[in-house]
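What follows is a set of notes on a single structure, which appears directly below.
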Amino acid sequence: MNGKMRQVRCDGASRRDFLRVGTLAPLGLTLGSLKLRGSNQAKPRAKSCILIWLDGGPSHLETFDLKPGVPQDVRGPFQPIHTAVPGMDLCEHLPKTAQGAKRFSLIRSMTSPLGEHGLANHYLLTGYKPSPVLEYPGFGSVLAKVRQEKSDLPANVAIPEWRNIGGAGFLGTEFAPFTTGGDPGKAEFRVRDLDPFPKVTAKRLARRREFLQEFDKVRAGIEKNAPSDPAFEQAYRLVTSPTARRAFDLGEEKDVVRASYGSRLIGQGCLLARRLVERGVPFVTVMNTGWDTHNNLTLQLRDGYAGAKTGVGLIPSLDLAFSSLLEDLHQRGLLEQTLVVVMGEFGRTPKVNIAGGRDHWPRVFSVAMAGGGVRGGQVIGSSDRVGESPQDQPVTPADLAFTIYTLLGVDPRLEMHTADGRPIQVNREGSLIPGLV
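Count the sequence shown with our numbering and you get residues 138 to 574, in order.
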C-alpha cells in the first residue's frame, strides 16, 4: 500500500479536514501517521546540515576530478590547479575553494546504476533506490521527524524549492521541506507563506487559533485519545514570530559578507542557509539548477548562460558560495557542528559529445563534504584514468546516506512504520564511509 494514502474517518469531519479550509493549510503542515520504534540514537557530531544540491548532475571532470593527462575529448576545456592537499587538484575556476581544501573532503568514487534524473535524485537524497509502491523520505524529512524540536522556524527548509526531490515521502507532508520561493539575492525577495494572507490580520489569525483550540476541546470529549496538532502550532509560530522573519532577512547582513558569497542564487541561498542553521534549523537544502550540461561546457560552466547579465557561470558561482560558506561557518564557530554536503544526482560522460557537452554518467562521480565530524583535507576513493569507473573504494548512495545520518545522530537502523504498519529502516543497505569521519 502506498504510504501516502490517508484513511478517512467515518464519524464526520476530522481536524485535518477542518485545517484544510484554514489560513495555514497552504503551508502543507499536517498530522503525521508514521511511528518511530527504537530510541538508541547515535551521538550527533553535527547539529545541522546544509545540502548544496547541484541539480542536473555536475561534471566531475570539470569540477573535482579533472584528468589532464588524457586526450582532449576526455579532459575537457579546463585545467586543474593544485591545493594544499596532495592529490586534491581542482578546476581552475574553483580557486577560493582550492585555498580552503583542508576544510573539506572529496569522495571521488561515488557510484550508482541510475542515470535518469528523477530516479537518481531519489537514490542520492534518500539512500533508497526508487520503489513503485513506496516513496521514501529525504534526509531533511527524516531528521525533522526524528528530532521534532519545538521552534518558531521549520526543521527542514529548501531554498528556493525542492521540486519533488528529497521530500517527505511516506512520512507525510508535515515533514516536507518548507520552501522559501524566489531568489534571496533579489531586493523584492519575500518568503513564500511566511506572511498571512493580506486580509488576515494577526488578531484575526489569533481568533482562528482560539477557535481551533475550542474545536479540539469539543472533539476531545468525543474522542478520548484525540491528538493535538503540533503542525498547526508550528505554522502559527512561523507566521507570527518576529524571530522567524528576521532569520530570513538577508538585509541584516553586511554588504561585504553578501558580496563574498556572490550575487547568484546559490551564493545568497548559502548565506540564508547559514543564517538558518545559526538559529537552530536542522536541515537546509540550497537548490542550484542548470548542471545538466549536454552542450557547450565552457559557456554554461564558466561564462554563464547566453544572455546572462552577470557573466558568472555555474562553477565560479559555486566557488564563491561554497568557499564563503565554509569560511563564514568557521569564523562563527559553527563548522564543526554543521555538516555541509555538495552533490548532484550523478556525473557526466568521460567523453565530450559533439555538442561540446557531456551526457549523464552515474557510474562514477564526486561529492564534497565538510564540517560536522568530517575529517577535512583528504580524498576518499578515486576514479580510473578517464573518469569512467571507480578505481578503488566505491561508495554508493546508500553508504553516503548511512554516513550522513550517523553524523547527524540518527541511527541508520532505526525502524519506522508507515501508516499501514509496514516497518522501514532509515537506511537498509549502507555502511559508514571508511576514513571520512
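Note that the Cβ used here is the ideal one computed from N, Cα and C, for glycine as well.
{"Asked": "Where the alpha helix (DSSP H) through residue 554 begins and ends", "Found": "Here residue 554 belongs to no alpha helix (DSSP H); instead the beta strand (DSSP E) covers 552-554."}
{"Asked": "Span of the beta strand (DSSP E) around residue 475", "Found": "475-480"}
{"Asked": "Residues near residue 239 by beta carbon distance below 7 Å, same chain, minus five either side", "Found": "221, 222, 513, 514"}
{"Asked": "Between the CA atoms of residue 381 and residue 319 - distance to the nearest angstrom", "Found": "17 Å"}
{"Asked": "Check whether residue 503 and residue 200 have beta carbons under 8 Å apart", "Found": "yes"}
{"Asked": "Beta carbon of residue 430 nearer than 8 Å to that of residue 196", "Found": "yes"}
{"Asked": "For residue 547 and residue 283, the rounded distance between their alpha carbons", "Found": "8 Å"}
{"Asked": "According to DSSP, residues forming a beta bridge with residue 490", "Found": "Bridge partners of residue 490: none, in fact."}
{"Asked": "Segment limits, alpha helix (DSSP H) that includes residue 461", "Found": "451-468"}
{"Asked": "Endpoints, beta strand (DSSP E) assigned at residue 529", "Found": "527-529"}
{"Asked": "Completely contained alpha helix (DSSP H) runs for the segment 219-296, where each covers 4 or more residues", "Found": "232-236, 254-263, 276-284"}
{"Asked": "Where residue 393 falls, given that 16 or more other Cβ within 10 Å makes a residue buried", "Found": "exposed"}
{"Asked": "Which of helix, strand or coil DSSP assigns to residue 568", "Found": "coil"}
{"Asked": "Beta-carbon proximity of residue 561 to residue 553, cut-off 8 Å", "Found": "yes"}
{"Asked": "Euclidean distance between Cα positions of residue 286 and residue 569", "Found": "26 Å"}
{"Asked": "C-beta contact flag for residue 567 and residue 535 at 8 Å", "Found": "yes"}
{"Asked": "Burial state of residue 564 (16 or more Cβ within 10 Å)", "Found": "buried"}
{"Asked": "Of the listed residues 245, 412, 484, 425, nearest to residue 290 (C-alpha basis)", "Found": "412"}
{"Asked": "Alpha helix (DSSP H) segment containing residue 560, residue limits", "Found": "Unbroken run through residue 560 is the beta strand (DSSP E), 560-562; no alpha helix (DSSP H)."}
{"Asked": "The segment 202-213 contacting the segment 293-303, beta-carbon criterion three pairs below 8 Å", "Found": "no"}
{"Asked": "Span of the beta strand (DSSP E), counted from its first residue to its last, around residue 515", "Found": "515-517"}
{"Asked": "Integer-rounded CB distance, given that residue 305 should sit under 8 Å from residue 268", "Found": "So it is not a contact: roughly 15 Å between Cβ atoms."}
{"Asked": "CB-CB length for residue 474 against residue 509, believed under 8 Å", "Found": "7 Å"}
{"Asked": "Helix, strand or coil at residue 408 according to DSSP, with G and I counted as helix", "Found": "helix"}
{"Asked": "Alpha carbon of residue 218 to alpha carbon of residue 275, nearest angstrom", "Found": "35 Å"}
{"Asked": "Best match in 476, 497, 525, 464 for proximity to residue 183 [C-alpha to C-alpha]", "Found": "476"}
{"Asked": "Residue 517 vs residue 243 beta-carbon contact at 8 Å", "Found": "yes"}
{"Asked": "Check whether residue 403 and residue 433 have beta carbons under 8 Å apart", "Found": "no"}
{"Asked": "Option in 479, 487, 311 with minimal Cα separation from residue 204", "Found": "487"}
{"Asked": "Per DSSP, cross-strand counterpart(s) of residue 431", "Found": "Residue 431 pairs with nothing; no bridge assigned."}
{"Asked": "Extent of the continuous alpha helix (DSSP H) to which residue 505 belongs", "Found": "Looking at the DSSP string, residue 505 is not in any alpha helix (DSSP H); the run it does join, the beta strand (DSSP E), is 502-507."}
{"Asked": "From 293, 247, 405, 385, residue whose alpha carbon lies closest to that of residue 506", "Found": "247"}
{"Asked": "Beta-carbon proximity of residue 329 to residue 310, cut-off 8 Å", "Found": "no"}
{"Asked": "Limits of the alpha helix (DSSP H) - the one that residue 378 falls within", "Found": "Careful: residue 378 lies outside any alpha helix (DSSP H) and carries neither H nor E."}
{"Asked": "Span of the beta strand (DSSP E), counted from its first residue to its last, around residue 317", "Found": "First-last for residue 317: undefined, no H or E at that position."}
{"Asked": "Where the beta strand (DSSP E) containing residue 426 begins and where it ends", "Found": "Here residue 426 belongs to no beta strand (DSSP E), and DSSP marks it neither H nor E."}
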